[in-house]
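Okay, structure first, notes after.
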């Protein structure tokens, strides 16, 4: 059984890596490549791992994987100038930790963007105008409607811009389009008119048309063309079920880009535990950025505007996602200063860049996560979980 678990863990890790390389193009994890992206001026007090460090690291993670990948701990040492055995290996995270903390038999359903307001309430969710779930169109009251009966011209008569996106099975901003009114018609960047026919041709099913938010002036200064969103990662402790904020970072779109994703040329900058901005942001190419847009340098900004309210809301959302101990919540602040929930992520939440800038993903909770996952593996061995 343990060999079977090991096989599926390796397969899961491999599939995750291929999936993210092909679809998301996340930053490279190869230590030599990352080292080449940084000058010695940008990485001060570079620490090169010693043989005893690697031995200690693998011994620490041995309860979950005796031969875990060491590239991340090498990178963290490179960027932070110190060794920390709690840095999570990506193969262990994607292959063991995330699947054991989040029950995938249930959790993936909560990622459905078409149901985000039905699950979380309408107060904080941008208005959904049209939703297609598994090929069926639903109105906001849950009743069905034929696609031929949807009058987009009437719905958007007084609306100048909307967001269209795939509702399931995608991350990293893939499939997101902005339609803006031109000559009385909502058109995308390649001048395609918004229509049911266009959406069905492109997406086939599982998509939505949603309100396009106007962001708060404070966050607009980072980049005015994109909606700059926070990724807030919550963790429900396996010891006492108390919900904690693991880490937070602001995604800032590239100049003139409509989306804020790092994979589209943007920057992410992490927040320290007190809510202040870290000194450095990072791009997909692992380039360090000290500031963005017309805002002051990150290290001079102090606490992110309304971050404590955002954290409290994130904890509230996490409180009723009972099948998930880890959530990646995408949250923005609109022009009225209201918190808006953009997406709920229960899988492929990510962990690489945050560790490079801030250190271990689970920080003080790392030991309890390892113990919990190790016990879950032993339990699966004993009771042959799910009939395997």
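Residue numbers (my numbering): 7 to 394. The beta carbon of each residue, even a glycine, is placed where N, CA and C say it ideally should be.
- Using a C-beta cut-off of 8 Å, the stretch 268-287 makes contact with the stretch 299-306, since at least three inter-stretch Cβ pairs fall below that distance.
- Nearest to residue 129 by alpha-carbon distance, out of 374, 354, 345, is 345.
- For the pair residue 272 and residue 294, the CB atoms are not nearer than the 8 Å cut-off.
- For residue 287, the secondary structure class from DSSP, reduced to helix, strand or coil, is strand.
- A distance of 8 Å or more separates the beta carbons of residue 135 and residue 173.
- For residue 338, the three-state secondary structure derived from DSSP is strand.
- A direct Cα-Cα distance of roughly 10 Å separates residue 114 from residue 330.
- Distances from the CA of residue 55 to each of 78, 73, 68 were compared; the closest alpha carbon is that of 78.
- A check of alpha carbon separations from residue 110 across 328, 360, 318, 321 identifies 328 as the nearest.
- Only residues of its own chain outside the window of five on either side were considered, and among them 244, 245 have a CB closer than 6 Å to the CB of residue 374, listed in chain order.
- For residue 58, the enclosing alpha helix (DSSP H) begins and ends at 57-67.
- Taken through DSSP and simplified to helix, strand or coil, residue 180 comes out as coil.
- The way I'd put it, the stretch 115-128 doesn't touch the stretch 82-96; fewer than three beta-carbon pairs between them come closer than 8 Å.
- Annotated three-state conformation of residue 330 is strand, per DSSP.
- The C-beta of residue 183 has 16 or more other C-beta atoms within 10 Å across all chains shown, which makes the residue buried.
- The Cβ atoms of residue 222 and residue 347 do not sit closer than 8 Å to each other.
- In this structure, 175 is the residue among 175, 59, 140 with its C-alpha nearest to the C-alpha of residue 353.
- Annotation: residue 75 to residue 59 spans about 13 Å, alpha carbon to alpha carbon.
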